[in-house]
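**Student:**
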Amino acid sequence: MSQTSLNTVLETFRQQVKAHPNQPSVVYENIQLSYSEVDRLTDNLAAYIESKVPPKSVVGIMLGRNEYMMLAPLGVLKAGCAYLPLDPSYPPERLNFMMKDAGAKMLVADEELLPILKEYKGPVIMSSDIRKLHPGTPKAPQPQPEDLFILLYTSGTTGTPKGCMLCHRNIYAYCSHHSELMGLDHSSHISAYASFGFDAFVSDLYSSLISGGTLYIIPERIRLNLPALHDFFEQNGITCCFMTTQVATQFAINYPDCKGLKTMYTGGEKMSSFPLPHYRLFNCYGPTETICYVVYEEVKKQEENIPIGRPMKDIKVYIVKDGRQVPKGEPGELWITGTQVGLGYLNRPDKTAEVFVKNPFDKDPDYSIAYRTGDIVREREDGKIEFMGRKDGQVKIRGFRIELKEVEAIIREFPDIKDVTVQSSLPARSLRTWCRRLPCR
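Per this note's numbering, the sequence shown starts with residue 1, numbered consecutively.
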């Protein structure tokens with residue numbers, strides 16, 4: 001697929017508004033908004049944002065779990081801006097750093113969360129005021145494929161998070177392929193399980209919008225309560241869901257016959273073998289830099305080492321060692337090319353140049369840049385890719401990437417600490433405690 005032929009999420013959403021104006025677009029608790037209502041409210045928000053900041057600004061969004069998780073991002077994008085999702089469960093130091101590093105010109109937030117961002121002094125609109133805005137029509141032109149869509153921050157080796165820049169081309173390419181793979185359409189009921197600042201939330205939100213489906217935002221109180229989650233799925237007729245690997249595994253073992261559920265996709269950690277559910281199950285792999293996942297395996301049998309599978313459409317991958325592709329069966333670093341490869345890291349040209357490299361294996365301009373993942377994999381005899389580990393100290397906690405060097409950098413800031421080494425054998429519970437404390441300097 002030529003990159004220039006790509007549509008955008010906004011254009012496809014508008015097509016769905018015309019085709020299914022009364023179709024429920026988002027549901028949270030007892031609140032339900034149709035496609036036409038979402039379109040109207042986000043037009044009003046976009047017009048308001050345009051009156052406050054110039055086009056292509058970055059707008060921070062900090063929300064609890066509510067219907068504004070759909071309204072706020074769409075309003076920002078319609079204003080010709082990009083957005084920075086801020087998860088209020090992150091440490092305040094980290095969130096304030098992200099706003100400053102991103103150069104955010106505006107903030108959309110739940111009022112009770114505003115005290116978290118004490119360092120931000122720019123314009124703010126409270127989520128509760130979005131419904132009160134005067135009718136308006138945004139004037140921003142249709143975004144171009146390379147325009148910035150979202151900034152997603154990941155853990156950094158120096159103690160400073162990196163802002164992954166993803167553009168409209170990346171998001172639309174991923175969502176269109178994902179929607180096709182999962183069989184999404186206007187009859188789909190898609191759950192929003194992931195955290196707002198996690199790329200899997202981007203996956204569910206925009207795949208729902210471009211397919212004309214309905215997004216059901218899971219309340220925080222039941223996200224880790226499997227019986228309540230099962231009841232939520234059955235009561236709302238959820239047909240497609242994402243969960244991080246460990247939660248998905250436990251759900252599938254305990255509820256293999258969840259009524260109405262057709263497809264579950266999961267990722268973030270290595271999958272272990274277990275009795276398979278009766279719905280379709282996908283083991284997915286992909287870094288934030290290439291948005292959600294680029295390689296997938298529909299798990300149809302139990303096996304000791306479940307592969308991550310084969311690449312999606314418009315994705316080419318290479319297994320590389322010492323600058324050369326390795327033969328089948330040999331381990332090497334996974335390189336990713338194609339429409340989902342992001343723009344690099346904001347304000348980090350050194351790190352961008354290190355991992356976003358010229359592709360020496362293909363002259364097609366659509367595959368000219370390769371992202372070096374740092375993940376060690378091998379290609380099996382059946383052509384499927386098997387994940388083996390990392391070439392550095394990165395680990396995954398509930399799907400979130402944590403650089404052990406970032407943990408080390410923070411520990412070194414304590415008085416009387418001369419040096420420290422954190423190993424990946426650290427129990428996950430202890431590491432999660434450290435990660436909650438990680439500030440950003």
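C-beta: ideal position from N, C-alpha, C; glycine also.
1) Could you give the C-beta distance for Pro85 and Gly197, rounded to a whole number, given that I count them as a contact under 8 Å?
2) In this structure, does DSSP put Asp362 in helix, strand or coil?
3) Using a Cβ-Cβ cut-off of 8 Å (strictly less than) and excluding sequence neighbours within five positions of Gln15, which residues of its own chain qualify?
4) Quick one: what's got a C-beta closer than 8 Å to Val317's C-beta in the same chain, skipping five residues either side?
5) If we call anything under 7 Å between Cβ atoms a contact, is His178 one with Pro145?
6) What whole-angstrom Cβ distance do Ser191 and Phe233 have, given they're in contact under 8 Å?
7) On the DSSP letters alone, give me the boundaries of the beta strand (DSSP E) that Ala192 sits inside.
8) Express the C-alpha separation of Ile238 and Asp231 in angstroms, rounding to a whole number.
9) Using alpha carbons as the reference points, say which of Ala109, Met165 and Tyr216 lies closest to Tyr345.
10) Which same chain residues end up closer than 8 Å to Arg113 when comparing Cβ atoms and leaving out the 5 residues on each side of it in sequence?
11) Kindly list the residues whose CB is nearer than 6 Å to the CB of Lys313, restricted to its own chain and excluding five residues on each side of it in sequence; keep chain order.
12) Can you find the residues in the same chain that come closer than 8 Å, C-beta to C-beta, to Leu205, ignoring five residues on each side of it along the sequence?
13) Would you tell me roughly how many angstroms separate the C-alpha atoms of Val247 and Leu224, rounded to the nearest one?
14) Does the contact criterion of 3 or more C-beta pairs under 8 Å hold for the stretch 34-50 versus the stretch 123-132?
15) Hey, could you find the ends of the alpha helix (DSSP H) Lys351 is sitting in?
16) Closest by CA to Lys100, which one among Pro219, Thr160 and Pro307?
17) Taking CB distances under 7 Å as the criterion, tell me whether Leu63 reaches chain D.
18) Pick out whichever of Ala200, Pro327, Met243 and Leu276 has its Cα sitting closest to the Cα of Glu289.
19) Does DSSP classify Asn236 as helix, strand or coil?
20) Cα-Cα, which of Ile31, Pro92, Leu209 and Tyr83 is closest to Leu184?
21) From Lys262 to Gln250, what distance separates their C-alpha atoms?
22) Tell me which residue opens and which closes the beta strand (DSSP E) that Gly163 is part of.
23) Please confirm whether Glu297 and Lys328 have their CB atoms less than 7 Å apart.
24) So Glu386 is in the beta strand (DSSP E); what residue range does that whole segment cover?
25) What does the alpha-carbon distance come out to for the pair Pro307 and Val76?
26) Take the Cβ of Lys78 as the centre, count every other Cβ of all protein chains shown within 10 Å, and call the residue buried at 16 or more, exposed below.
27) Within 10 Å of its beta-carbon, does Gly399 have 16 or more other beta-carbons around it, so buried, or fewer, so exposed?
28) In or out: His278 buried (at least 16 other Cβ within 10 Å) or exposed?
29) For the stretch 280-358, which segments carrying the beta strand (DSSP E) assignment without a break, of at least 3 residues, lie completely within its bounds, in sequence order?
30) Please state whether DSSP places Ser211 in a helix, a strand or coil.
31) With burial defined as no fewer than 16 other Cβ atoms inside 10 Å of the residue's Cβ, what is the status of Phe242: buried or exposed?
32) I think Val58 touches Tyr83, with their Cβ atoms under 8 Å apart; what is that distance to the nearest whole Å?
33) Please report how far the alpha carbon of Glu11 lies from the alpha carbon of Tyr172, in whole angstroms.
34) Just curious, the beta strand (DSSP E) that Met106 is in, first and last residue?
35) For Lys301, I'd like the list of residues in its chain whose CB is within less than 8 Å of its CB, leaving aside the five on either flank, ordered along the chain.
**Tutor:** Taking the definition as stated:
1) Your numbering for residue 85 matches position 85 in the sequence shown. Your numbering for residue 197 matches position 197 in the sequence shown. About 5 Å separates the two Cβ atoms, so the contact holds.
2) For the purposes of this step, residue 362 is identified with residue 362 of the sequence shown, where counting begins at 1. Coil.
3) For the purposes of this step, residue 15 is taken as the residue at position 15 of the sequence shown. The answer is none, since no qualifying residue turns up.
4) Sequence index remark: in the sequence shown, residue 317 carries index 317 (1-based). Cβ neighbours of Val317 beyond the five flanking positions: Val294, Val295, Pro311, Leu334, Trp335, Ile336, Thr337 and Ile385.
5) As a first step, residue 178 must be located in the sequence shown, where it is residue number 178. As a first step, residue 145 must be located in the sequence shown, where it is residue number 145. Not a contact, by the Cβ cut-off of 7 Å.
6) Residue 191 sits at position 191 when you count from the first residue of the sequence shown. Residue 233 sits at position 233 when you count from the first residue of the sequence shown. Confirmed, about 7 Å.
7) For this step, residue 192 is matched to residue 192 along the sequence shown. Element bounds for Ala192: His189 to Ala192.
8) Within the sequence shown, residue 231 is the residue found at index 231, counting from 1. Within the sequence shown, residue 238 is the residue found at index 238, counting from 1. So the two alpha carbons sit approximately 10 Å from each other.
9) Against the sequence shown, residue 345 aligns to sequence position 345. When each option's Cα is compared against that of Tyr345, the closest is Met165.
10) Taking the first residue of the sequence shown as position 1, residue 113 is located at position 113. Looking at the sequence itself, residue 113 is Leu, so the reference to Arg does not match. Taken in chain order, the residues that qualify are Met62, Leu63, Gly64 and Pro88.
11) The residue labelled residue 313 in the question sits at position 313 within the sequence shown. Hits under 6 Å: His177.
12) In the sequence shown, the residue the question calls residue 205 occupies position 205. Once the five neighbours on either side are set aside, the close Cβ partners of Leu205 are Met69, Met70, Pro73, Ala192 and Leu215.
13) The residue you call residue 247 lines up with position 247 of the sequence shown. The residue you call residue 224 lines up with position 224 of the sequence shown. When rounded, the distance between both Cα atoms is 8 Å.
14) yes
15) The residue labelled residue 351 in the question sits at position 351 within the sequence shown. Pro349 to Val355 is the extent of the alpha helix (DSSP H) around Lys351.
16) Position 100 of the sequence shown, counting from 1, holds the residue named residue 100. Lys100 has its Cα closest to that of Thr160, out of Pro219, Thr160 and Pro307.
17) Any reference to chain D falls outside this structure, which holds one protein chain only.
18) Working through the sequence shown from its first residue, we reach residue 289 at position 289. Answer by Cα proximity: Ala200.
19) Numbered from its first residue, the sequence shown carries residue 236 at position 236. Correct three-state label for Asn236: helix.
20) Taking the sequence shown and counting its residues from 1, the one referred to as residue 184 is at position 184. Nearest C-alpha to Leu184: Leu209.
21) Residue numbering aside, residue 262 sits at position 262 when the sequence shown is read from its first letter. Residue numbering aside, residue 250 sits at position 250 when the sequence shown is read from its first letter. Roughly 17 Å between the two C-alpha positions.
22) In the sequence shown, counting from the first residue as 1, residue 163 sits at position 163. Here the beta strand (DSSP E) through Gly163 covers Lys162 to Cys167.
23) Position 297 of the sequence shown, counted from the first residue, corresponds to residue 297. Position 328 of the sequence shown, counted from the first residue, corresponds to residue 328. No; because the gap between Cβ atoms is not below 7 Å, this pair is not in contact.
24) Here residue 386 is taken as the residue at index 386 of the sequence shown, counted from 1. Taken as a continuous stretch (DSSP letters only), the beta strand (DSSP E) holding Glu386 covers Ile385 to Arg390.
25) Working through the sequence shown from its first residue, we reach residue 307 at position 307. Working through the sequence shown from its first residue, we reach residue 76 at position 76. Approximately 38 Å between the Cα atoms of the pair.
26) Residue 78 sits at position 78 when you count from the first residue of the sequence shown. That one is buried.
27) Residue mapping note: residue 399 aligns to position 399 of the sequence shown, counting from 1. Summary for Gly399: the model assigns pLDDT 43, below 50, so the residue's position carries little reliability; its value from the coordinates is reported in the next sentence. Gly399 comes out buried.
28) As a working mapping, residue 278 is identified with position 278 in the sequence shown. Per the 10 Å Cβ criterion, exposed.
29) Runs of the beta strand (DSSP E) inside the stretch 280-358: 280-285, 295-298, 315-321, 332-338 and 356-358.
30) As a first step, residue 211 must be located in the sequence shown, where it is residue number 211. Helix.
31) Against the sequence shown, residue 242 aligns to sequence position 242. It counts as buried.
32) In the sequence shown, the residue the question calls residue 58 occupies position 58. In the sequence shown, the residue the question calls residue 83 occupies position 83. Sure, about 7 Å apart at Cβ, within 8 Å.
33) As a position in the sequence shown, residue 11 is number 11, starting the count at 1. As a position in the sequence shown, residue 172 is number 172, starting the count at 1. C-alpha separation (whole angstroms): 10 Å.
34) Mapped onto the sequence shown, residue 106 falls at position 106. Met106 -> beta strand (DSSP E) spans Met106 to Ala109.
35) Against the sequence shown, residue 301 aligns to sequence position 301. These residues qualify, in order along the chain: Leu276.
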